[in-house]
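Chains as they are written, first to last, in the numbering used here: chain H, 599 to 1033; chain F, 286 to 606; chain D, 5 to 170.
For glycine and all other residues, C-beta sits at the position ideal for the given N, C-alpha and C.
Just below is one structure, and these are the notes that go with it.
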Amino acid sequence: MSPAMVGLFGVALFFLLLLFRMPIAYAMALSGFLGFSWLVSPEAAFRVVSKDLYTTFSSYSLSVIPMFILMGFLAFYSGIGARLFTFAYRLVGHYPGGLAIATQATCALFGAVCGSNTATAATIGAIAIPEMKKYRYADTLSTASVAAGGALGVLFPPSVIFIVYGMSTEQSIGKLFLAGIIPGFLLMFAYMVTIFLLSSRNPDMGPTGPIFSWRQRIATLKGGIWEVCAVFSLSLGGLFAGWFTPTEAGAVGAAGVFFLTLFQGKLRWEGLKRSLMDSTRTTAMIMLLVAGAVIFGRFMAVSRIPFELATWAGNLPLPPFVVMAVILLIYLVLGFFIDALALVLLTIPIFYPVVVDVLGYDPIWFGVIMVMVVAMGVITPPVGMNVYIIKGIATDVPLETIFRGIWPFLAALIICIAMLIAFPGLVTMLPALIG
Amino acid sequence: QGADKPVTLRLAHFFPATHPAETELVQGLAKALDEATKGRLKIVSYPGQTLLAAPEIYDGVVTGIADIGLSCFSYTRGRFPLLEVFELPGITYENSKAASRVAWDGIKALAPAEVSDTKLLMVLATGPGDLFTKVAVRTLEDLKGLEVRATGLSAKTLAALGAIPVAMPQSEAYEALSRGLVKGNLSPIEVLQGWKHAEVTDYLTLTPFLYNTLFFVTMSKSVWEGLPVDLQAAIEDVSERIFLDVAMGLWDEQNEAALTYAVETTGQQVITLSEEESARWNALVTPIQEEYLADMERKDLPGAEALQLAKELSEKYNAMY
Amino acid sequence: MTPLLKQAEKLVLAACKLFDAVAGLCLLAVMFLVTANIMLRAIWKSPILGTYEFVGFLTSLAVGMSIAHCALKNGHIAVGFLVARFSSRVRASIDAMTNSVATVFFGFCVWQMLIYARSFSVSGEVGLTTKIPFYPFVYGMAASLGLLCLVLFLRTIEMLRQAVRE
Ligand code: NA
Ligand code: NA
């Protein structure tokens, strides 16, 4: 049997295990392990599993994820999140889907301190989803919008994926960071419009609230919005002033919320205990998923499927934009099964020379397209990391419900990608300013 | 039996697919082996950590995940104690050719037990690492209290010189430099262009006695022993040739290109230390060599012999290249 | 339920809670360590040199030691729409099957993780800057996976009993 065939069998096995209700992380690790055993050897496959479990769990760069999650739960249990949403509700709650729209802006703001898709979805999710539930927003809208909004965390600098892309293609990370800003705003507005349209057509999705006077709105500010502003300014300011790195920003944010609420007496022992327990549970869930995806990615690598697909696409005798469309389609399909970051690492080596050298596209532009592609991968079923994470936070919402809510956001995302292909200037304008 | 069926070997490394380590070294090795064995030996490369994470590559070769691996000895500190001798500060390497010859000849002569669980094909080195900084470093006083990115042995070296070593992955260094969290980096000049550090630093102090990093290309022992004698001979032959023609000068080539880029495109200012100043720096890092010797004595390894050899060979090859 | 099994369940539950508490403390430790390091670096210019490695070690403990508790609370998410259509008896049988497969798989993983940890202690690999050996943390990972295995095993038995009883 050819390695590619074994690869397809592995994917099929993964699906079978999923259908039998095996936890997704186990299913990825197990089918990845079996496939690797087949193609290489059981001894080697066991070592791959041991290594990837330990290496993923002890990764310095990934340590930012638990820290931001801790920050999210501390904010939730101390009531900061609730007060923030009371303010938002009084401000925009009378528009259809107003709170979900405000959440998108929050994702974008948070993206200015957090460089990770996953951490953005988890942190904002921990605060926003219970609040939206309180104001009777439909589960499909509240969960799916945060899962999709996580992508804003990587489009706005700092950004893990831009760093990975810059590393593996030797492109300027500074230029990549600038290039993400306009597409970031574009995607944010696209998501906001999507939410507005969905909620206007179906008022049960994001029900409108009463209109509050400015006095009532300002009254909630005293309730502690300034705390949030303080922690946020500290994180953003410190990041810009060079006091700490984007990886360290997670711990700074968590410590900021921790001390603030501690000194105000808002964080009690019970709240701290629950924050910690929810954080460890969510962290364990996410990191085991990441490790499972890495193990499955190793199997995909030795099956050579991504490499063969890339080579095939690169040799198509078609005009560049058609080949580009085919490549994006491949990413969409591969993104169904392979975790986004693993996908970038696996395919950049082969697609990058094709897109830049053969088709003649701008390398910075392709970097932004990669981030958009990753944004698709993390919300499409069955392997959609952000959706899993949201599921881990909103434990009472079925996974299928979240995926059902995803489609309009996926459509918005695809329209954005099409716009970036049609008008590459949206990406290249800002980086051109610094030469 | 099976003489016509080609042997396919998985080669794992961490360099990006566009890096010369892949395009020139790995692909060069693959092509030369293919030709030398008339297609009986194929190498499939897994660049960019797609098969194994950088620190896992050596162990991955031992346990059969990959058949061949290319990575740094220093990523797995403690596993190769004797070989640290070739990365000690206080020994000058003029360029990567000299540094690579010293390391490879030295390892062949020492035949250390710590690498006997695989079949080493070649060892290459980056050669000198230099300080690129946001403020000019002309004397030790300029370096004192300066935050410089470094991990492992380099952190110790910088601490000995009075700088403040700050540990972070190379992937975070650009951001940290641009925001001023660290004011410098100690690395081969290649990083100025490859990682774009020239965009965020202004000065380059040449310090050819502070830094060196070794890379290995090594093969699974059981795979090696399972190959027919003529293929083994071909591999040894080709590896030695690729070492001389491509590997040992690989970093010199990149360093030169990066220096031109940094000076001409970004206006990097190059600083050469005076002889007295260099002597002051060297004096401060010698204790690290002594610490190495004491450590080897504890572990019952021939540290003194290794250090002597590294010093002799470096003089010989610095003069030659 | 047999008293022995009940006793075992109580023990495993207690162990999961203990491990989870340690994991939570590790999270707090990372938070304090990183912020302390930033302040020491910015104000007194003397950072804690090993922060980079300690964060890795502590995070591995935080993640590893909370995995079993997460499994106990059904925190590792799964796709349930197909199985939900079946009768509770079929459901229990399917869950018994997947849990037993997972038990065996992670059982092998524990064994291999022990071998991996041993290989670290033999090769003498240590942290890059502080030279702290990291095999203890790999042993910690093996222990965490072992506890996960116990949780899965008890879940298998519970599901089997349900399938038989109903
Ligand atoms: Na960001
Ligand atoms: Na997906």
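Selected residue, minimal CA-CA separation from residue i, among the options
{"i": "F:TRP480", "options": "F:ASN497, F:TYR496, F:THR492 and F:ALA461", "result": "F:ALA461"}
{"i": "H:VAL995", "options": "H:ALA700, H:MET970, H:PHE618 and H:ILE727", "result": "H:ILE727"}
{"i": "H:LEU886", "options": "H:ARG1002, H:PRO664, H:MET1017 and H:PRO918", "result": "H:PRO664"}
{"i": "D:TYR143", "options": "D:GLN116, D:GLU162, D:ALA167 and D:GLY131", "result": "D:GLN116"}
{"i": "H:ASN913", "options": "H:SER770, H:VAL956 and H:ARG896", "result": "H:VAL956"}
{"i": "F:ALA410", "options": "F:VAL433, F:ALA435, F:TYR606 and F:LEU535", "result": "F:LEU535"}
{"i": "H:MET1017", "options": "H:GLY890, H:MET790 and H:VAL966", "result": "H:VAL966"}
{"i": "F:ASP487", "options": "F:LEU416, F:ALA448 and F:ALA458", "result": "F:LEU416"}
{"i": "F:THR492", "options": "F:VAL451, F:ILE353, F:LEU310 and F:VAL570", "result": "F:VAL570"}
{"i": "F:ASN567", "options": "F:ILE376, F:THR322 and F:TYR606", "result": "F:ILE376"}
{"i": "D:CYS74", "options": "H:MET1027, H:PRO1029, H:GLY605 and H:THR993", "result": "H:THR993"}
Residues that DSSP places opposite residue i in a beta bridge
{"i": "F:CYS357", "result": "F:PHE500"}
{"i": "H:GLU846", "result": "Its beta-bridge partners do not exist; DSSP assigns none."}
{"i": "F:LEU296", "result": "F:SER330 and F:ILE353"}
{"i": "F:GLN554", "result": "F:TYR488"}
{"i": "F:ASP515", "result": "BP columns for F:ASP515 are empty, so no partner."}
Where residue i falls: helix, strand or coil (DSSP)
{"i": "F:THR335", "result": "coil"}
{"i": "F:GLU575", "result": "helix"}
{"i": "F:GLY469", "result": "strand"}
{"i": "F:GLY287", "result": "Model confidence at F:GLY287 stands at a pLDDT of 47, short of 50, so the residue's coordinates are unreliable and nothing is read from them."}
{"i": "F:MET453", "result": "coil"}
{"i": "H:MET875", "result": "helix"}
{"i": "F:VAL420", "result": "coil"}
{"i": "F:LEU328", "result": "In the sequence as presented, Leu is not what sits at residue 328 of chain F; that position holds Ile. Strand, per DSSP."}
{"i": "F:ALA435", "result": "coil"}
{"i": "D:SER123", "result": "helix"}
{"i": "F:ASP415", "result": "strand"}
{"i": "F:LYS404", "result": "strand"}
{"i": "D:VAL130", "result": "strand"}
{"i": "F:LEU690", "result": "The structure shown does not extend to residue 690 of chain F, since chain F is modelled only from 286 through 606, so no value can be given for it."}
{"i": "D:PRO137", "result": "strand"}
{"i": "F:SER524", "result": "helix"}
{"i": "H:SER656", "result": "coil"}
{"i": "F:SER505", "result": "strand"}
{"i": "H:MET803", "result": "coil"}
{"i": "D:TRP48", "result": "coil"}
{"i": "F:LEU495", "result": "coil"}
Any C-beta of chain H under 8 angstroms from that of residue i
{"i": "D:CYS153", "result": "no"}
{"i": "F:GLN286", "result": "A caution first: F:GLN286 carries a pLDDT of 44, below 50, which makes its placement in the model too unreliable to give a value."}
{"i": "D:LEU164", "result": "no"}
{"i": "D:TYR120", "result": "yes"}
{"i": "D:ALA66", "result": "yes"}
C-beta neighbour in chain D for residue i, strict 8 angstroms
{"i": "F:VAL420", "result": "no"}
{"i": "F:ARG364", "result": "yes"}
{"i": "H:GLU998", "result": "yes"}
Neighbour flag for residue i against chain F, beta carbons, 8 angstroms
{"i": "H:MET603", "result": "no"}
{"i": "D:THR55", "result": "yes"}
{"i": "D:LEU132", "result": "yes"}
{"i": "H:PHE842", "result": "yes"}
{"i": "H:LYS649", "result": "yes"}
{"i": "H:GLU906", "result": "no"}
{"i": "D:PHE128", "result": "According to the sequence provided, residue 128 of chain D is Gly. The question's Phe does not apply to it. D:GLY128 counts as touching chain F."}
Cβ-Cβ distance between residue i and residue j below 8 angstroms
{"i": "F:SER330", "j": "F:ILE342", "result": "no"}
{"i": "F:THR424", "j": "F:GLU562", "result": "yes"}
{"i": "H:PHE685", "j": "H:THR818", "result": "yes"}
{"i": "H:GLY630", "j": "H:PHE894", "result": "yes"}
{"i": "F:TYR496", "j": "F:GLY363", "result": "no"}
{"i": "H:VAL762", "j": "H:VAL942", "result": "yes"}
{"i": "H:PHE1001", "j": "H:SER873", "result": "no"}
{"i": "H:GLY695", "j": "H:GLY807", "result": "no"}
Residue i: CB within 7 angstroms of a non-hydrogen atom of ligand 4
{"i": "H:PHE655", "result": "Questions concerning ligand 4 fall outside what the structure shown contains, since the ligands it does hold are ligand 1 and ligand 2."}
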